[in-house]
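In what follows, a structure is listed as structure tokens, so that the remarks can point back to it.
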């Protein structure tokens, strides 16, 4: 991680209430991409398992993971903290995450304009070639737009 992005990532993970509540953590970052991890936790389960089998993580938790990692990818591409709002976010759920496994969200900026960033991503539980969900999103800059 570049020294410029370290304080941004640290503040992102420390100060966003929903990120803290879900237990989302840093996984990786590059020039135009970011990865966050959503560890399996009982309070995130929507469909409890039977006879001691772990339950399935709620789709809303994965939605929040993907929205957050999309915003972080925009920061990675911009090389600075940018105020942004989610304009559009589409999640296609392909299958439930494996019970007990951490879900990794990875997002990549495909296009950055003066006012909007376009992002695509996947969520997986260990194998990026077998995703849990696909994401397409756009984020609007709310202040300090790219010049």
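Numbering (the UniProt record's numbering), first residue to last: 1 to 147.
Cβ coordinates follow ideal geometry from the N, Cα and C atoms, glycine included.
Practice task
Identify every residue that forms a DSSP beta bridge with residue 120.
Solution key: What you label residue 120 is simply residue 120 of the chain shown in a count that begins at 1. Partner(s): 108 and 136.
Handout entry: Classification of residue 22 by the beta-carbon crowding that lies within 10 angstroms, buried from 16 upward
Key = Sequence index remark: in the chain shown, residue 22 carries index 22 (1-based). Buried.
Problem - Length of the line joining the Cα atoms of residue 88 and residue 66 - result: Counted from its first residue, the chain shown places residue 88 at position 88. Counted from its first residue, the chain shown places residue 66 at position 66. Cα-Cα distance, rounded: 12 Å.
Exercise for the section: Pick helix, strand or coil for residue 53, following the three-state DSSP scheme. Expected result: Taking the first residue of the chain shown as position 1, residue 53 is located at position 53. Here residue 53 sits in coil by DSSP.
Practice task
Look up residue 89 in the DSSP assignment and say whether it is helix, strand or coil.
Solution key: Within the chain shown, the letter at position 89 stands for residue 89. DSSP, read as helix, strand or coil, puts residue 89 in strand.
Problem - Endpoints, alpha helix (DSSP H) assigned at residue 18 - result: One-based indexing of the chain shown puts residue 18 at position 18. Counting along the chain, residue 18 sits inside the alpha helix (DSSP H) bounded by residues 17-22.
Problem - Bridge partners - residue 83, DSSP secondary structure assignment - result: On the chain shown, residue 83 is found 83 positions in, with the first residue counted as 1. Listed as beta-bridge partners of residue 83 by DSSP are 143.
Exercise for the section: Work out the CA separation of residue 36 and residue 25 for me, nearest whole Å. Expected result: For this step, residue 25 is matched to residue 25 along the chain shown. For this step, residue 36 is matched to residue 36 along the chain shown. The alpha-carbon atoms of residue 25 and residue 36 are separated by roughly 6 Å.
Handout entry: Residues sharing a beta bridge with residue 26, DSSP
Key = If you number the chain shown from 1, residue 26 lands on position 26. Answer by DSSP bridge pairing, in chain order: 36.
Exercise for the section: Counting only the same chain and skipping the five closest in sequence on each side, list residues whose C-beta sits under 6 Å from that of residue 33. Expected result: Here residue 33 refers to the residue found at position 33 when the chain shown is read from its first residue. So the list reads 73 and 108, once near-sequence residues are dropped.
Practice task
Put residue 46 into one of helix, strand or coil per three-state DSSP.
Solution key: For this step, residue 46 is matched to residue 46 along the chain shown. Residue state, collapsed to three classes: strand.
Handout entry: Sequence-distant residues of the same chain with beta carbon closer than 7 Å to residue 129, five excluded per side
Key = As a first step, residue 129 is located in the chain shown; it is residue number 129 there, counting from the start. None.
Handout entry: Cβ-Cβ distance between residue 126 and residue 137 below 9 Å
Key = In the chain shown, counting from the first residue as 1, residue 126 sits at position 126. In the chain shown, counting from the first residue as 1, residue 137 sits at position 137. Contact: no.
Practice task
Have a look at residue 31 and residue 51 and give me their C-alpha separation to the nearest angstrom.
Solution key: Numbered from 1 along the chain shown, position 31 holds the residue referred to as residue 31. Numbered from 1 along the chain shown, position 51 holds the residue referred to as residue 51. Each residue's Cα considered, the two are about 45 Å apart.
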